[in-house]
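J.:
Number of protein chains: 2
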Amino acid sequence: MKQRKIVITGYGTVAKEFVELLYRKKEAFIEQYHTEYTVIGVVGSIGMIYDPEGLDLSILHGLPTGSIGISQYASMKDLVLESPSMKGDILVECTPTNLETGEPALSYIKQALEANMDIVSVSKGALVHSLPELLAIAKAKGRYIKYSGATAAALPTLDIGEFSLAGSTIQSIKGILNGTSNFILTSMSEGNLTFEKALQLAQENGIAEKNPDLDIKGLDSACKILLLANGLFHTNLTLEDIVVDGIEKVTKADMQRAKINGCEWKLIASAKKQRDRLVLQVKPEIIPPENPLIHVKGTNKGILFETEEMGTICCVGGASHPKGAAAAAMKDIINLIR
Amino acid sequence: MKQRKIVITGYGTVAKEFVELLYRKKEAFIEQYHTEYTVIGVVGSIGMIYDPEGLDLSILHGLPTGSIGISQYASMKDLVLESPSMKGDILVECTPTNLETGEPALSYIKQALEANMDIVSVSKGALVHSLPELLAIAKAKGRYIKYSGATAAALPTLDIGEFSLAGSTIQSIKGILNGTSNFILTSMSEGNLTFEKALQLAQENGIAEKNPDLDIKGLDSACKILLLANGLFHTNLTLEDIVVDGIEKVTKADMQRAKINGCEWKLIASAKKQRDRLVLQVKPEIIPPENPLIHVKGTNKGILFETEEMGTICCVGGASHPKGAAAAAMKDIINLIR
Numbered sequence: 009m010k011q012r013k014i015v016i017t018g019y020g021t022v023a024k025e026f027v028e029l030l031y032r033k034k035e036a037f038i039e040q041y042h043t044e045y046t047v048i049g050v051v052g053s054i055g056m057i058y059d060p061e062g063l064d065l066s067i068l069h070g071l072p073t074g075s076i077g078i079s080q081y082a083s084m085k086d087l088v089l090e091s092p093s094m095k096g097d098i099l100v101e102c103t104p105t106n107l108e109t110g111e112p113a114l115s116y117i118k119q120a121l122e123a124n125m126d127i128v129s130v131s132k133g134a135l136v137h138s139l140p141e142l143l144a145i146a147k148a149k150g151r152y153i154k155y156s157g158a159t160a161a162a163l164p165t166l167d168i169g170e171f172s173l174a175g176s177t178i179q180s181i182k183g184i185l186n187g188t189s190n191f192i193l194t195s196m197s198e199g200n201l202t203f204e205k206a207l208q209l210a211q212e213n214g215i216a217e218k219n220p221d222l223d224i225k226g227l228d229s230a231c232k233i234l235l236l237a238n239g240l241f242h243t244n245l246t247l248e249d250i251v252v253d254g255i256e257k258v259t260k261a262d263m264q265r266a267k268i269n270g271c272e273w274k275l276i277a278s279a280k281k282q283r284d285r286l287v288l289q290v291k292p293e294i295i296p297p298e299n300p301l302i303h304v305k306g307t308n309k310g311i312l313f314e315t316e317e318m319g320t321i322c323c324v325g326g327a328s329h330p331k332g333a334a335a336a337a338m339k340d341i342i343n344l345i346r
Numbered sequence: 009m010k011q012r013k014i015v016i017t018g019y020g021t022v023a024k025e026f027v028e029l030l031y032r033k034k035e036a037f038i039e040q041y042h043t044e045y046t047v048i049g050v051v052g053s054i055g056m057i058y059d060p061e062g063l064d065l066s067i068l069h070g071l072p073t074g075s076i077g078i079s080q081y082a083s084m085k086d087l088v089l090e091s092p093s094m095k096g097d098i099l100v101e102c103t104p105t106n107l108e109t110g111e112p113a114l115s116y117i118k119q120a121l122e123a124n125m126d127i128v129s130v131s132k133g134a135l136v137h138s139l140p141e142l143l144a145i146a147k148a149k150g151r152y153i154k155y156s157g158a159t160a161a162a163l164p165t166l167d168i169g170e171f172s173l174a175g176s177t178i179q180s181i182k183g184i185l186n187g188t189s190n191f192i193l194t195s196m197s198e199g200n201l202t203f204e205k206a207l208q209l210a211q212e213n214g215i216a217e218k219n220p221d222l223d224i225k226g227l228d229s230a231c232k233i234l235l236l237a238n239g240l241f242h243t244n245l246t247l248e249d250i251v252v253d254g255i256e257k258v259t260k261a262d263m264q265r266a267k268i269n270g271c272e273w274k275l276i277a278s279a280k281k282q283r284d285r286l287v288l289q290v291k292p293e294i295i296p297p298e299n300p301l302i303h304v305k306g307t308n309k310g311i312l313f314e315t316e317e318m319g320t321i322c323c324v325g326g327a328s329h330p331k332g333a334a335a336a337a338m339k340d341i342i343n344l345i346r
């Protein structure tokens, strides 16, 4: 049986769901993948709980997120909080996304690669900031960086490009990669609402944040298509290379005009080969009825690959949920050893 | 750089498309996967052309399928037709599907496993007949059997189960796995045709065969769900375990009644956990508008996974085409070395 020791940085809802998943399925994974996964450290802003034999998930999974859970675990187990250090086999990076500097994730990932660990990243900041650099370091070290949780979580995106389309030429990718903006557009369409009313509805339902700019102005979608493109096409693009347009100017009248022809407005993040260049774009587009992305409703997501050899492949699902993001991280961990 | 030597058994349209693909992309695969793929043998009913240094694909790709192409290649290259023998690293099995005995595929696969080769099967017969036995032999030998081309070709089905849902619990699979019967149902729905008229249309378009029983009576779908289930749930089921019902009794009136409620009839192949059992079934079902499988039209296919951790994931695409099946085999070959 193989042993894999995991360190988690950042202990928010996704990290806690990950602990829950591992606690619940540890025995199943041993049986199915002949591998014992152990969490040896969790790093929060107040410090790191660390046990080389593995933290006791039967206790940890019942404690709250963040510093409270970490300090409760430390006192229950008589552990001294340590300063963060990277040891073990796999880093699961879950700190809050910081697009400006990529920190603290960027430092954690570099330290972990330095310590010969593989990386599974749920947070986007460090990757958006420096994916090509990090991939180069990983390659030199013979390590892997996986980040399904940072692209569209439970919706398979990178997997399809890497595994299911291996050997085929991808001509373009079009995705509905942000659940919040799709919820707003769906509400506008189905409820005949203005943008402002639909945004308010999303906020009331805890789907949109108080400051919804990251989602509605397209930046979150831009980050995701950037990571997909750099990962699948081995490009070295940055956010500055993407023309980004949000959904805030789509009007009730636009929406109704589209519907007359059976079409729908969707916020589409796309990557398309044009001659020798890869063009990335995020903008609201009118989707015709024959495009399967038209059926992506509410907080669901979808991705459509156009390929030379396999035609069009479209995948839909993976509504936004911390449990789905945690399962996406677990999937990446399992696929590391394959 | 790695070297992988391939033997192809059966030289029909899919095998020829496979040779075409490899001829066209050989250099690209060397660059992308650091692996040189060479076809060292092709086996047809008249014998085997074999060259340990690799057959010349620039010649082979221009010749016809079947015995004619094989004998033309032999005479152009001054080769003596040999009796089939399994040598090299990978067998790509493309002989016509024989559900009764699984032959000749079954013998070829067993001989190849005996010779320490991995198997990529496009034909279904041997797998439907003996997948659990073959998997056990492969396991004992440390070899792999992949068969994307035998389940739904370009549509990712096994990949999603194996890679994209790794670590998640699959509760059920529902698939539209047969393009011909879906074309017939789509024509009935959109053209308000009787089953007989729609079948005739499919035959006129070269989509349905003269004897369409395998497709319309559900047996082809049954074979595919059997292979998916035995592969993903590690079960040991046979065709006898599946209740199979075809589309031939769906009437014009049934179709119109469904459409009034926004529903559509689809031939659904399903695998569902019920207590400790896995229940397999193929039957025409009324699909409600909120199920993404309703949007699978014409010869397209689709598959929907319900999972505990990742919610519902649905993949649509992969219209039936020999090029797609060949690309699916190539994908399996590439994923073998990962």
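The listed protein sequences correspond, in order, to chains G and E. Here the numbering used here = 1-based position in the first sequence + 8. Here the numbering used here = 1-based position in the second sequence + 8. Every residue gets a Cβ at the ideal spot worked out from N, C-alpha and C, and that includes glycine.
Going along chain E in order, which residues have a C-beta closer than 7 Å to the C-beta of threonine 320 (chain G)?
T.: Gly325
J.: So, is proline 72 (chain E) buried or exposed, given that buried needs 16 or more other C-beta atoms within 10 angstroms?
T.: exposed
J.: Please check the pair alanine 335 (chain E) and valine 130 (chain E), which I expect to be a contact at CB under 8 Å, by giving their CB distance rounded to whole angstroms.
T.: With 8 Å as the limit, alanine 335 (chain E) and valine 130 (chain E) do not qualify as a contact, their Cβ atoms being about 11 Å apart.
J.: Quick check on leucine 173 (chain G): does DSSP put it in helix, strand or coil?
T.: Three-state result, leucine 173 (chain G): coil.
J.: Cysteine 231 (chain G) by DSSP, collapsed to three states: which one?
T.: helix
J.: What do you get for lysine 339 (chain G), buried or exposed, if any count of 16 or more other CB atoms within 10 angstroms of its CB means buried?
T.: buried
J.: If we count the other Cβ atoms within 10 Å of its Cβ and call it buried at 16 or more, is methionine 84 (chain G) buried or exposed?
T.: It counts as exposed.
J.: Classify lysine 95 (chain E) as helix, strand or coil using the three-state DSSP reduction.
T.: coil
J.: Starting from the Cα of serine 91 (chain G), find the closest Cα among G:Thr105, G:Val128 and G:Gly49 and give me that residue.
T.: Nearest of G:Thr105, G:Val128 and G:Gly49 to serine 91 (chain G), Cα basis: G:Gly49.
J.: Between the segment 178-191 of chain G and chain E, which residues of the former have a C-beta closer than 9 Å to a C-beta of the latter?
T.: none
J.: On the three-pair Cβ rule with 8 Å, is the segment 124-142 of chain G touching the segment 304-318 of chain G?
T.: no
J.: Considering only the alpha carbon of each residue, which of E:Lys24, E:Lys118 and E:Ala174 lies closest to isoleucine 76 (chain E)?
T.: E:Lys24
J.: In chain order, what residues of the same chain have a beta carbon less than 6 Å from the beta carbon of valine 304 (chain E), not counting five sequence neighbours either side?
T.: Ile184, Gly310 and Val324
J.: Counting only beta-carbon atoms, is aspartate 86 (chain G) nearer than 8 Å to chain E?
T.: Answer no: the Cβ-Cβ gap between aspartate 86 (chain G) and chain E never drops below 8 Å.
J.: Let me know if lysine 274 (chain G) comes out buried or exposed under the rule of 16 or more other beta-carbons within 10 Å of its beta-carbon.
T.: buried
J.: Checking contacts by CB at 8 Å: is alanine 162 (chain G) closer than that to chain E?
T.: yes
J.: Let me confirm a value: serine 53 (chain G) is counted as buried when at least 16 other C-beta atoms fall within 10 Å, else exposed. Which label applies?
T.: exposed
J.: Is aspartate 223 (chain G) buried or exposed, if buried means 16 or more other CB atoms sit within 10 Å of its CB?
T.: buried
J.: Is the Cβ of asparagine 269 (chain G) closer than 8 Å to any Cβ of chain E?
T.: no
J.: Can you confirm whether isoleucine 347 (chain G), when its beta carbon is compared against all beta carbons of chain E, has any partner nearer than 8 Å?
T.: This structure cannot speak to residue 347 (chain G), because chain G is shown only from 9 to 346.
J.: Name the residue from E:Asn186, E:Ser180 and E:Glu170 whose alpha carbon lies nearest to the alpha carbon of alanine 160 (chain E).
T.: E:Asn186
J.: Check the Cβ-Cβ distances between isoleucine 168 (chain G) and every residue of chain E, and say whether any is below 8 Å.
T.: yes
J.: Hey, is histidine 303 (chain G)'s beta-carbon within less than 8 Å of any beta-carbon in chain E?
T.: yes
J.: Is it the case that the Cβ atoms of alanine 210 (chain G) and alanine 277 (chain G) are separated by a distance below 8 Å?
T.: no
J.: Using the three-state DSSP reduction, which class does proline 292 (chain E) fall into: helix, strand or coil?
T.: strand
J.: Answer with yes or no whether the minimum CB distance from lysine 331 (chain E) to chain G is below 8 Å.
T.: yes
J.: Between G:Val251, G:Leu236, G:Leu247 and G:Ile295, which lies nearest to methionine 263 (chain G) when the distance is taken from Cα to Cα?
T.: G:Ile295
J.: When you compare only the Cα positions, how much space is there between isoleucine 168 (chain E) and aspartate 86 (chain G)?
T.: 43 Å
J.: Please check if any C-beta of chain G sits within less than 8 Å of the C-beta of serine 195 (chain E).
T.: no
J.: Could you list which residues in chain E have their beta carbon closer than 7 Å to that of proline 296 (chain G), in chain order?
T.: In chain order: nothing, as chain E lies at least about 13 Å away.
J.: Which one of E:Ile117, E:Leu68 and E:Leu166 has the shortest CA to CA distance from asparagine 238 (chain E)?
T.: E:Leu166
J.: Cβ of glutamate 316 (chain E) within 8 Å of Cβ of threonine 177 (chain E)?
T.: For glutamate 316 (chain E) and threonine 177 (chain E), yes; Cβs fall inside 8 Å.
J.: Report all residues from its chain with a CB closer than 7 Å to the CB of proline 297 (chain E); omit the five preceding and five following residues, and keep chain order.
T.: Gly270 and Cys271
J.: Name the DSSP bridge partner or partners of arginine 12 (chain G)?
T.: G:Tyr45
J.: Report the option in E:Asp97, E:Leu65, E:Asp59 and E:Lys280 whose CA atom is closest to the CA atom of glutamine 11 (chain E).
T.: E:Asp97
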